[in-house]
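These notes concern the structure reproduced below.
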Amino acid sequence: MFTKIPPTYLIIGSTVLALFMGTLALIVRSKAANRPVTIKKIVLPPLFMSTGALMFIFKEFRVPPVQILEAVIVGMLFSIILIKTTNFEFRNEDIFMKRSKAFVFILLGLLIIRLVGKLVLSSTIDIGELGGMFWILAFGMIVPWRIAMLIKFNKLTKEKGVRI
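Mind the numbering: the sequence shown is residues 354 to 517 in our numbering, read in order.
The following block contains the structure:
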């Protein structure tokens, strides 16, 4: 599938795309802090992202079991940072995410770590397989983070006696 495109172009293209997506994520997260949080807004992003697993239908994206485990563990470690900095507050009968000054820097830091990791690993791991690994890493990061958000959200709704 990728045999006709030089690997350098794939690396450059995927890096530019990752920077664009990271910037887009920062903008979306910043705007989301101005709107009340709902269970749907917590649960849907991992469900939408799960459709990306369809990439593994293609041989180029398949990842060996050891690398799957490594990617999941790294993703879960990254999620700890997001879990620690994601908190909610009750305002005007609604629940909002608390703005964290560190959140933008954390997302940027995670993006930089992922980009550097991709550039370093792209010399030893096939670009398609690397793409699969980074999808697994991202999914391994977002799922625990969103589960923790849901737990914190439900705890706050029970404390405040809010119906959801």
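Even for Gly, the Cβ is constructed at its ideal location relative to N, Cα and C.
These numbers come from a predicted model, not from an experiment.
Starting from E442, follow the beta strand (DSSP E) in both directions and report where the run begins and ends.
Walking along the sequence shown from the start, residue 442 turns up at place 89. Run containing E442: 441-444, per the beta strand (DSSP E) assignment.
Classify I358 as helix, strand or coil using the three-state DSSP reduction.
Reading the sequence shown from its first residue, position 5 is the one you call residue 358. I358 falls in the coil class under three-state DSSP.
What residue from I358, V425, R415, S383 has the CA that sits closest to W498's CA?
Position 145 of the sequence shown, counted from the start, is the residue given in the question as residue 498. Answer by Cα proximity: V425.
Under the three-state DSSP convention, the category F411 falls into:
Sequence index remark: in the sequence shown, residue 411 carries index 58 (1-based). If DSSP states are grouped into helix, strand and coil, F411 belongs with coil.
DSSP state of I421, grouped into three classes?
For the purposes of this step, residue 421 is taken as the residue at position 68 of the sequence shown. The answer is helix: DSSP assigns I421 an H, G or I state.
Could you check what DSSP says for I426 in three-state terms: helix, strand or coil?
Counting from 1 along the sequence shown, the entry for residue 426 is found at position 73. Residue state, collapsed to three classes: helix.
If K451 sits next to N440, beta carbons under 8 Å apart, how far is it from one beta carbon to the other, in whole angstroms?
For the purposes of this step, residue 451 is taken as the residue at position 98 of the sequence shown. For the purposes of this step, residue 440 is taken as the residue at position 87 of the sequence shown. That belief holds up - the Cβ atoms of K451 and N440 are roughly 4 Å apart, short of 8 Å.
Can you tell which of I433, R382, M402 has the C-alpha that lies nearest to the C-alpha of F487?
Along the sequence shown, one-based indexing puts residue 487 at 134. Closest option to F487, Cα to Cα, is M402.
In this structure, does DSSP put I480 in helix, strand or coil?
Numbered from its first residue, the sequence shown carries residue 480 at position 127. Helix, per DSSP.
Hey, how far is the Cα of P389 from the Cα of E442?
As a first step, residue 389 is located in the sequence shown; it is residue number 36 there, counting from the start. As a first step, residue 442 is located in the sequence shown; it is residue number 89 there, counting from the start. About 10 Å.
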